[in-house]
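Trainee:
In my numbering, the protein residues as written are 45 to 496.
(1) Grouping DSSP H, G and I as helix and E and B as strand, with all else coil, what is residue 381?
(2) Measuring straight from C-alpha to C-alpha, what distance separates residue 52 and residue 130?
(3) By how many angstroms is the C-alpha of residue 423 removed from the C-alpha of residue 481?
(4) Please return the same chain residues whose Cβ sits closer than 8 angstroms to the Cβ of residue 412, not counting the five positions on each side in sequence.
(5) Do you know whose CA, among 325, 317 and 394, lies nearest residue 361's CA?
(6) What does DSSP give as the partner residues of residue 309 in its beta bridges?
(7) Could you check if residue 491 is buried or exposed, using at least 16 other CB atoms within 10 Å of its CB as the buried criterion?
(8) So residue 77 is in the beta strand (DSSP E); what residue range does that whole segment cover?
(9) Mind checking whether residue 81 and residue 444 have CB atoms under 7 angstroms apart?
(10) Which value, in whole angstroms, describes the spacing of the CA atoms of residue 77 and residue 207?
(11) Report the rounded CA-to-CA distance for residue 257 versus residue 311, giving the unit in angstroms.
(12) Using CA atoms only, rank isn't needed, just tell me which of 227, 341 and 182 is closest to residue 278.
(13) Residue 290 and residue 254: beta carbons closer than 7 angstroms?
(14) Does residue 214 pass the burial test, meaning 16 or more other C-beta atoms within 10 Å, or should it be called exposed?
(15) Should residue 463 be labelled buried (16 or more other beta-carbon atoms within 10 Å of its own) or exposed?
(16) Is residue 425 closer than 7 angstroms to residue 404 when the C-beta atoms are compared?
(17) Can you give the Cα-Cα distance for residue 73 and residue 170, rounded to whole angstroms?
(18) So residue 282 packs on residue 239, CB below 8 angstroms; how close in whole Å?
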C-alpha cells in the first residue's frame, strides 16, 4: 500500500497539468497545423503508432496544412511520469537518488518543434530532460526534411531528403528501432545488456538520407551516418565516453512495399547498416566491422475504426568482425553474431482502450569478454547475450478524438505494463552469479504521458 501511495503524487501532477493545459488552450502542434484530431494519424489517438494518414504526413515532411491555427509556431511539449515495481529489488538503488524498489519518477519532459517550416520543409526536433538520470537538456529525436512531389511513369512520386541524428528515426513504420513499441518502458528496471549497433546510435551520430515513395507502393531510402564530433555531442548532452565511434561513414538502406485494400493495410520491408567502428573510441588498433540487416512486416485492420487489430514483426541480424576489440582485449572471439526477434500484436477499441502483447528474443555468440561480468543484477555468469521476454500492456487514451471532451486541446495516455523475463543476460536461474533469477527482473510499470 505504501508503494502505491508513493505513486500518487506524479498522477496528481499529471492531472493538474492536463487541466491547466485545457484552460490555456494548448494543443499538439500537428493537430493545430493540420486541423485533424490525433485519431487521424495515430492508432489509439496517441503516438507514436501511425495510421496510413500518419505515415503520409511524415513522408511529406510534416508539411501538410489545413488547420486554422497553422500560422503559429509549431511548438508542443510532453511530460511522462511513472511508478516501477520489480519482483526483486535492486540493492543500492535502481538509479542514483532512487530506492531499491517501488519508485515513482518524473521520467522525462520534452519540448518539440514539430511541423511545417515552408511548403517543402518540415521538422520534428525534440529536446528532452531526463528525470531519472537528471541530465541537462539533450537533443533527442531530430528529423528535418526537404520534400517535393511529382509523377514518375504516370504515378505519384514523393521524394525528399532527411537530416537526422539516429538511424531509423526517419522511418515510416513502427517496426524499426527508433519508433518501435512499446513507446514507454521503465528506466528504473534492469534491462538486458546485449543489443545491436543500429539500436545504440541515437543522438551519437548525424546523417543524411534520400528517400522516395512511388505510387504509394514502393518506398526506398538510402544514406549514411557518422559519429558527431566530441564537442558537438557534449554541447547537445549526448556524449558517452564508452560508446563506439564510427570510423568514416556508415551506409544505411531501407526498402519497403505497402498496400492498403479496403481497410486491410500491409507492409513488408528490409533495412540495414554497415559500419567500421573504433571500440570505445580507442584509435590505433584498427576497427571492428558491424553489418546489421533486418526484415520487418506490418499488418493493420482499419476497416472498422471501433475495432483495430495490428500485427508487427521485426528480425535483425548483426554480424561482427572484432579485429580491433581482440587486439585491445575487449573481445574473446573475432567473429560473432547477434539475432533479435520482436513480435507485437494489438487490439484497440474505439481508439481509446488498447491491449498490446509483445514477445522479444535476443540470441547470439557467447563471448566471455564482451558479456561475462560478475556485477550483481547487470552481470552474466555464462557470457551469453541471450534474453527472452513477454510484455503485456493495457492503455487508455481518453482524448484526441473529434467528439472527445478535450477535443484537440491536449492528449493523455495512461498505461499499465508488465514485463516477464524467461531468460536474462544468458541465464534463467542465477544468471548473474550472485543468486538472481531472470524472473527477479519482472517489472510492473504504471505510466502517465501528457502531450500538449
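Where is the CB? At the ideal position from N, CA and C, for every residue including glycine.
Mentor: So, from the listed chains and residues:
(1) Strand at residue 381.
(2) In this prediction, residue 52 has a pLDDT of 38, which is less than 50 and means its spatial position is unreliable; what the coordinates show is noted afterwards. The alpha-carbon atoms of residue 52 and residue 130 are separated by roughly 18 angstroms.
(3) So the two alpha carbons sit approximately 12 angstroms from each other.
(4) Only 376 and 427 meet the Cβ criterion.
(5) Checked all of 325, 317 and 394; the closest Cα to residue 361 is 317.
(6) Residue 309 pairs with 304 and 344.
(7) Buried: at least 16 other Cβ atoms inside 10 Å.
(8) Looking at the DSSP string, residue 77 is not in any beta strand (DSSP E); the run it does join, the alpha helix (DSSP H), is 73-78.
(9) In this structure, residue 81 sits near residue 444, with a CB-CB distance shorter than 7 angstroms.
(10) If you draw a straight line from the Cα of residue 77 to the Cα of residue 207, it comes to about 22 angstroms.
(11) Straight-line Cα distance between these residues: approximately 13 angstroms.
(12) Checked all of 227, 341 and 182; the closest Cα to residue 278 is 182.
(13) At a Cβ-Cβ threshold of 7 angstroms, residue 290 and residue 254 do not count as neighbours.
(14) By the Cβ-count criterion, residue 214 is buried, with 16 or more other Cβ atoms from all chains shown falling within 10 Å of its own Cβ.
(15) Taking every protein chain shown into account, the CB of residue 463 has 16 or more other CB atoms within 10 angstroms, so this residue is buried.
(16) Against a cut-off of 7 angstroms, the Cβ pair of residue 425 and residue 404 comes out as no contact.
(17) For residue 73 and residue 170, the gap between their C-alpha atoms comes out near 12 angstroms.
(18) Contact between residue 282 and residue 239 does not hold, since their C-beta atoms are separated by about 17 angstroms, which reaches or exceeds 8 angstroms.
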